[in-house]
Amino acid sequence: SQQGEEDPQALSIQEGENATMNCSYKTSINNLQWYRQNSGRGLVHLILIRSNEREKHSGRLRVTLDTSKKSSSLLITASRAADTASYFCATAETGGSYIPTFGRGTSLIVHP
Amino acid sequence: SQTIHQWPATLVQPVGSPLSLECTVEGTSNPNLYWYRQAAGRGLQLLFYSVGIGQISSEVPQNLSASRPQDRQFILSSKKLLLSDSGFYLCAWNPDTADYGYTFGSGTRLTVV
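Chains as they are written, first to last, in the numbering used here: chain A, 439 to 550; chain B, 79 to 191.
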């Protein structure tokens, strides 16, 4: 199974700025998912984008998917201190099981 | 609505002792169930998954085992813990269909001493 890789590994910004995280993967996928994990907690599902979709929005979150480049980005606009967390992408391979594999995450710190 | 419960939240166990972590899901039937382990600062490693009662698939050979005695119950066990079993254990579920995200439990922090 493949693994998405997030970039950067760590990101530190000021409240009100936008935060962009990227995810790259290696083979064809059915979908790509983004999750948030607050320190010491379980992961929370943010957005799922299917392979035939290019962009998806949810509140202050915007996810793009470029299957030709095998990459995705997660944009958090007007960030808040409460957005401080680790963000993971997970990819589900085409023709494989429904089980996505996770990257190592981007650690986002938003300074108030 | 569906909920997932995982307990205990924290556990400190001596080397060589047994382990039992439990996860239950409410509000749905026939869920896919998963156990993941997360080492400090690392991504998630899939340990076991189950698509039905008594059906367990293991992803990584190790000192752990899993069981699914009921449709919405998933148990992670060990007969003798190793120091390397320390980590953050997460249970998750999703419907048995494509294009659905996971719902995770709140996790168990296991420290083997």
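Where a beta carbon is used, it is the ideal one built from N, C-alpha and C, also for glycine.
If distances are taken between C-alpha atoms only, which option among the options comes closest to residue i?
i               : options                           : result
A528 of chain A : A:P538, A:A520 and A:D521         : A:P538
T102 of chain B : B:T189, B:H83, B:D163 and B:Y180  : B:H83
E444 of chain A : A:Q475, A:A516, A:S496 and A:S511 : A:S511
S477 of chain A : B:W85, B:L161 and B:F166          : B:F166
Q452 of chain A : A:K508, A:S517 and A:I467         : A:S517
T189 of chain B : B:V93, B:S79 and B:T106           : B:V93
P489 of chain A : A:E455, A:A530, A:Y525 and A:N468 : For the record, residue 489 of chain A in the displayed sequence is Ser; it is not Pro. Closest option to S489 of chain A, Cα to Cα, is A:N468.
P550 of chain A : A:G543, A:G541 and A:A520         : A:A520
G541 of chain A : B:S156, B:Q116, B:V90 and B:T175  : B:Q116
I485 of chain A : A:E491, A:N460, A:A530 and A:S496 : A:S496
E455 of chain A : A:T505, A:T522 and A:F526         : A:T522
How many whole angstroms separate the CB atoms of residue i and residue j, which I take to be in contact at a CB cut-off of 8 Å?
i               : j               : result
I547 of chain A : S450 of chain A : 5 Å
L111 of chain B : S128 of chain B : 5 Å
I514 of chain A : V501 of chain A : Not confirmed; about 10 Å, so no contact.
T181 of chain B : H483 of chain A : 7 Å
Q447 of chain A : T544 of chain A : 6 Å
E104 of chain B : W85 of chain B  : The Cβ separation is near 14 Å, so there is no contact.
G132 of chain B : R146 of chain B : 6 Å
L470 of chain A : L503 of chain A : 6 Å
K508 of chain A : S462 of chain A : 6 Å
L154 of chain B : W113 of chain B : 5 Å
Residues of chain A with CB closer than 8 Å to the CB of residue i, please, in chain order.
i               : result
R146 of chain B : Those do not exist, as R146 of chain B stays about 16 Å from chain A at its closest Cβ, beyond 8 Å.
R120 of chain B : R542
T181 of chain B : H483
L168 of chain B : G480 and L481
So which residues on chain A does residue i lean against when the C-beta distance must stay under 7 Å?
i               : result
S184 of chain B : R479 and G480
Y127 of chain B : I537
Quick one: list the residues of chain B neighbouring residue i, beta-carbon separation under 8 Å, in chain order.
i               : result
N490 of chain A : The contacting residues do not exist; N490 of chain A stays about 11 Å from chain B at best.
Who are the neighbours of residue i on chain A, taking C-beta pairs under 9 Å?
i               : result
L89 of chain B  : What L89 of chain B touches in chain A: nothing, since even the nearest Cβ is about 14 Å away.
D177 of chain B : N468, N469, L486, R488, A530 and Y536
L161 of chain B : Within chain A, no residue comes near L161 of chain B; the closest Cβ sits about 21 Å away, beyond 9 Å.
Check whether the Cβ of residue i sits closer than 7 Å to any heavy atom of the ligand FAD, and report yes or no.
i               : result
L142 of chain B : With respect to the ligand FAD, the structure offers nothing, as it holds no ligand at all.
Q: List in chain order: all unbroken beta strand (DSSP E) runs of 3+ residues lying wholly within the segment 118-188 of chain B.
A: Runs of the beta strand (DSSP E) inside the segment 118-188 of chain B: 122-130, 133-136, 143-148, 151-156 and 165-172.
**Q.** beta strand (DSSP E) segments (min. 3 residues) lying fully within the segment 459-506 of chain A
**A.** 467-475, 481-488, 493-496 and 499-504
Q. Given 8 Å as the limit, is there contact between the segment 112-125 of chain B and the segment 150-169 of chain B, that is, 3 or more CB pairs closer than that?
A. Contact between the segment 112-125 of chain B and the segment 150-169 of chain B is present, with at least three C-beta pairs closer than 8 Å.
Q: Just list the alpha helix (DSSP H) runs in the segment 507-540 of chain A, keeping only unbroken ones of 4 residues or longer that don't cross its boundaries, in chain order.
A: none
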